[in-house]
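Student: Numbering (the numbering used here), first residue to last: 1 to 409. Structure incoming, see below.
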């Protein structure tokens, strides 16, 4: 195994551990506070600073990873997540609702910083590892590594959703957070002992203008990413779990379903290289694939709305589950292709900065989708969330039509 492949394996394993606890955290917070009687809008508000902090963390994290090295940023991300868990665990049931919400939002913001610092560093490490293997099937190797990393990460996040529901039911809110902090502490020790301390360190951009001055291709792909992930979270963050819980599902049932869906979504992402036709230059077949899959995905929320409005004998929660399966498959391919394209367009010397800029857009999409998820569900139920998703996906498709077929674009 080459040093690059070894580092790729270590980074992937570390991010698995991080993502497991991050998925569990989302279910813990969402189900715990919905059970306490919080409205859908307040539930979405609990996650807003988490997503907003991720925008800054991704953007600045890319510069920091270039300036100080990927290993250091992974260490900072893991340590920050542990801190967020411990702060959240100190929440007292005796506090007022306003104080509780403010405390949770603060802790979630810290965890949002942690998540996206860790993600940016991890994704950048793939580009470095791939560079060492460039002599043999470089583009194909990069697509496979990105797809496997992204897909396995989301499968682990699905397990985290299930873990969160189970832990909440068995241990309660506080003890669950303490256990997850301990798990991450073990991961942190492994990262510090296993990775080169200066991995990925390079000359960072010296001005804000240089940091923001990305290529047209990266700017367009970042815009498409905002719409893509906003379209997912506008109904997935609040609408789906609240809708299922309101239809008689238990905490464990909701967590298990979210887990299975996310695992299915992750496995589909990992298989994307076998679905997408490859091209010698890595772009001329992949960019049209991004356009095609965006167009197909935009139709899915519309079809679910029509099925829910048709007054069929099929129960609404069954229609939602079936629709989510189709949406998950198409969304997974889209996400995997986009994750590949950012590394295909990015320069290798400052790949961390390009990746950080791109995933700042990803966080902006999640922020927008999270906010709209609570607002639209409270205003018009699940159908309103689905309509918002369809509009965002139409915008994503329109943006991909402008993507260039070469790195010079």
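Idealized CB from N, CA, C, for every residue including glycine.
(1) Confirm the yes/no value for this check: CB of residue 84, any heavy atom of the ligand FMN, distance under 8 Å.
(2) Do residue 365 and residue 277 have their CB atoms nearer than 9 Å?
(3) Taking the alpha-carbon positions, what's the residue 208 to residue 71 distance?
(4) Quick check: the stretch 378-397 against the stretch 227-239, are there 3 or more CB pairs under 8 Å?
(5) In whole angstroms, what is the alpha-carbon distance linking residue 155 and residue 266?
(6) Can you tell me the Cβ-Cβ gap for residue 22 and residue 160, rounded? I've got them flagged as a contact below 8 Å.
(7) Counting beta carbon pairs with one atom in the stretch 171-182 and one in the stretch 41-50, are three or more of them shorter than 8 Å?
(8) Would residue 318 be called buried (16 or more neighbouring beta carbons within 10 Å of its own) or exposed?
(9) For residue 75, name the three-state secondary structure that DSSP assigns.
(10) Could you check which residue in 244, 252, 292 and 234 has the C-alpha nearest to that of residue 379?
(11) With a threshold of 16 other CB atoms inside 10 Å of the CB of residue 362, please say whether the residue is buried or exposed.
(12) Residue 84 and residue 107 look like a contact to me (Cβ under 8 Å); what is the Cβ gap, rounded to whole Å?
(13) By alpha-carbon positions, which one of 286, 262 and 259 ends up nearest to residue 272?
(14) Taking DSSP as the reference, what is the three-state secondary structure of residue 276?
(15) How do the stretch 10-28 and the stretch 159-173 stand: do at least 3 beta-carbon pairs fall below 8 Å, yes or no?
(16) Taking 8 Å as the threshold, find out whether the stretch 187-197 comes into contact with the stretch 321-329 through three or more Cβ pairs.
(17) What residue range is occupied by the uninterrupted alpha helix (DSSP H) comprising residue 315?
(18) Any idea if residue 334 is buried or exposed, counting beta-carbon neighbours within 10 angstroms, 16 or more meaning buried?
(19) For residue 166, which three-state DSSP category applies?
(20) Please state if the CB of residue 373 and the CB of residue 236 are separated by a distance shorter than 9 Å.
(21) If the criterion is Cβ atoms closer than 9 Å, does the pair residue 308 and residue 383 meet it?
(22) If you run the structure through DSSP and keep just helix, strand and coil, what is residue 392?
(23) Restricting to Cα atoms, I'd like to know which of 332, 111, 357 and 390 is closest to residue 343.
(24) If we ignore side chains and look at the alpha-carbon of each, how far apart do residue 371 and residue 48 end up?
(25) By a C-beta neighbour count over all protein chains shown, 10 Å radius and 16 as the cutoff for buried, is residue 231 buried or exposed?
(26) Would you kindly work out how many angstroms separate the C-alpha atoms of residue 245 and residue 406, rounded to a whole number?
(27) Using the Cβ count rule (16 or more neighbours within 10 Å means buried), how would you classify residue 35?
(28) Specify the secondary structure class of residue 69 as computed by DSSP and reduced to three states.
(29) To which residues of the same chain is residue 95 closer than 8 Å at the C-beta, ignoring the five residues directly before and after it?
(30) Could you check what DSSP says for residue 239 in three-state terms: helix, strand or coil?
(31) Looking only at its chain, what residues have a beta carbon closer than 7 Å to the beta carbon of residue 185, apart from the 5 residues adjacent to it on each side?
(32) Less than 9 Å between the beta carbons of residue 115 and residue 262, yes or no?
(33) By the three-class DSSP mapping on this structure, what secondary structure does residue 93 have?
(34) Is residue 313 closer than 9 Å to residue 386 when the C-beta atoms are compared?
(35) Closer than 7 Å by C-beta to residue 51: which residues in its own chain qualify, once you throw out the five before and the five after it? Chain order, please.
(36) For residue 77, which option in 187, 377 and 172 has the closest C-alpha, if you only look at C-alpha atoms?
Tutor: Taking the structure as given:
(1) Ligands are entirely absent from the displayed structure, and the ligand FMN is therefore not among its contents.
(2) no
(3) The pLDDT assigned to residue 208 is 48, lower than 50, so where the model puts this residue is not dependable, and the model offers no usable value.
(4) yes
(5) 5 Å
(6) 6 Å
(7) no
(8) exposed
(9) The answer is helix: DSSP assigns residue 75 an H, G or I state.
(10) 234
(11) buried
(12) 5 Å
(13) 286
(14) coil
(15) yes
(16) In this structure the stretch 187-197 does not touch the stretch 321-329; the number of beta carbon pairs closer than 8 Å is below three.
(17) Note, residue 315: premise wrong, no alpha helix (DSSP H); not H, not E.
(18) Buried.
(19) Residue 166: helix per DSSP, three-state reduction.
(20) yes
(21) In contact: residue 308 and residue 383 (Cβ atoms closer than 9 Å).
(22) Assignment of residue 392 by DSSP, reduced to helix, strand and coil, places it in the helix class.
(23) Minimum Cα distance to residue 343 is reached at 357.
(24) Our two residues, residue 371 and residue 48, have alpha carbons roughly 7 Å apart in a direct line.
(25) buried
(26) 47 Å
(27) Result: exposed.
(28) coil
(29) Result list for residue 95: 103, in chain order.
(30) Per DSSP, reduced to three states, the secondary structure at residue 239 is helical.
(31) 82
(32) No, they are not a contact pair.
(33) In this structure, DSSP gives residue 93 a state outside helix and strand, which the three-state scheme calls coil.
(34) no
(35) 112, 363, 366, 367 and 370
(36) 187
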